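Take a look at the structure below.
Residue numbers (the working numbering): -11 to 331.
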């Protein structure tokens, strides 16, 4: 079975309010890329991946006037993909949903959120992801109220062979100091954003721990906007959010595993793998970063799965196909990560 996570930059911009693709030469949400170019590039990438299930990050918007599930299923039908079913969990207000596309002949999936519902006062016990989590972020003896701008998508999945899995799709808060201008403001916003991002990771880790205690087969996948050694503010808090979710300091049977995260933890200096590529205008260069992960529970790691980052420059198979290489660069600022596993 092949499972994937793929952050598609401004996927929502490619659809009208009826969920139909806008395949013309108007600009998409990507710099200097038309809607038609991005749509066709995405078709090439999705076909090449040929995954049984795909966690789509920044999926089309679901709101009063738009249906993200319908939009995704129209996209799949347009390209004749076998992942013909789409589902979403709690919709958000960012126009960047988390959705799951899957092949119904291979597996079934349903939204199955855990945790208690909360009011505005929240709960300290890992509430449902659309609720409020109470946590003291800055050790001032006052609890902060934490919410997800994009609540993680919790799925109960069963393969046609009867194997049961739990999947959690995540898109955690960016730490980038958007809107900040002065050095002091950049520092203040960066620290505040990292604090919020770590709080979301602590909340997610609490749910992971519940699943591992229950010995569930678990996969956590998505865009964490973080990674070991990714920025200078990590030293201020002692560890990255990815380390928290992995349970890096826990006993082996309470840890999740992702080889790319492990590589980053083991090698803070030197060449690193990456899953995204951004243009830094003021430096006139591209920045590569490891932001997307597929983390598995110990029982699944023992099945010797294979991870693959579809990076157009780092992976020989992607580089060797001109159409796929260009499609990956055109489709999004992130690249897919796939997991192949015998189930």
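We put the CB at the ideal spot given by N, CA and C, even for glycine.
Every value quoted in this text rests on a predicted model; they were computed, and no experiment measured them.
The secondary-structure analysis by DSSP pairs residue 132 across a beta bridge with 123. Contact between the segment 196 to 209 and the segment 168 to 180 is absent: fewer than three C-beta pairs spanning the two stretches fall below 8 Å. Looking at the DSSP output, residue 264 sits in a beta bridge with 277 and 322.
A direct Cα-to-Cα measurement between residue 106 and residue 131 gives close to 15 Å.
Annotation for residue 296: 326 place their beta carbon closer than 6 Å to its own, counting only its chain and skipping 5 residues before and after. Residue 227 and residue 53 have their C-alpha atoms spaced approximately 41 Å apart.
With fewer than 16 neighbouring CB atoms inside 10 Å of its own CB, residue 13 falls in the exposed class. By the Cβ neighbour-count rule, residue 267 is exposed, with fewer than 16 other Cβ atoms within 10 Å of its own. DSSP places residue 228 outside both helix and strand once states are collapsed to three, so it counts as coil. The beta carbon of residue 278 lies closer than 7 Å to those of 215, 248, 252, 260, 261, 262 and 263 in the same chain, with the five residues before and after it left out.
Around the beta-carbon of residue 93, fewer than 16 other beta-carbon atoms lie within 10 Å, marking it exposed. Counting C-beta atoms within 10 angstroms of its own C-beta, residue 19 has fewer than 16 neighbours from the protein chains shown and is therefore classed as exposed. Residue 299 and residue 323 do touch by the CB rule: their CB atoms are close to 5 Å apart, below 8 Å. Contact between residue 140 and residue 157 holds, with the beta-carbon distance rounding to 6 Å and staying under 8 Å. By the criterion of a C-beta distance shorter than 8 Å, residue 234 is surrounded in its chain by 243, 244, 245, 246, 249 and 283, once the five residues flanking it on both sides are discounted. A direct Cα-Cα distance of roughly 16 Å separates residue 46 from residue 33. Inclusion of residue 160 and residue 207 in the CB contact set at 8 Å is not warranted, their separation being larger than that value. Taking a 10 Å sphere around the C-beta of residue 9, we find 16 or more other C-beta atoms and assign the residue as buried.
The beta carbon of residue 149 sits closer than 8 Å to the beta carbons of 331 from its chain, once the five residues preceding and following it are set aside; these are given in chain order. According to the DSSP secondary-structure assignment, residue 156 is paired through a beta bridge with 142 and 208.
Contact annotation: residue 64 and residue 319 have beta-carbon atoms that are not nearer than 8 Å.
Within the same chain, Cβ atoms closer than 6 Å to the Cβ of residue 69 are found at 34, the five residues on either side in sequence being excluded. Ranked by Cα distance from residue 232, the first of 241, 308, 186 and 280 is 186. With fewer than 16 other Cβ atoms inside 10 Å of its own Cβ, residue 287 counts as exposed.
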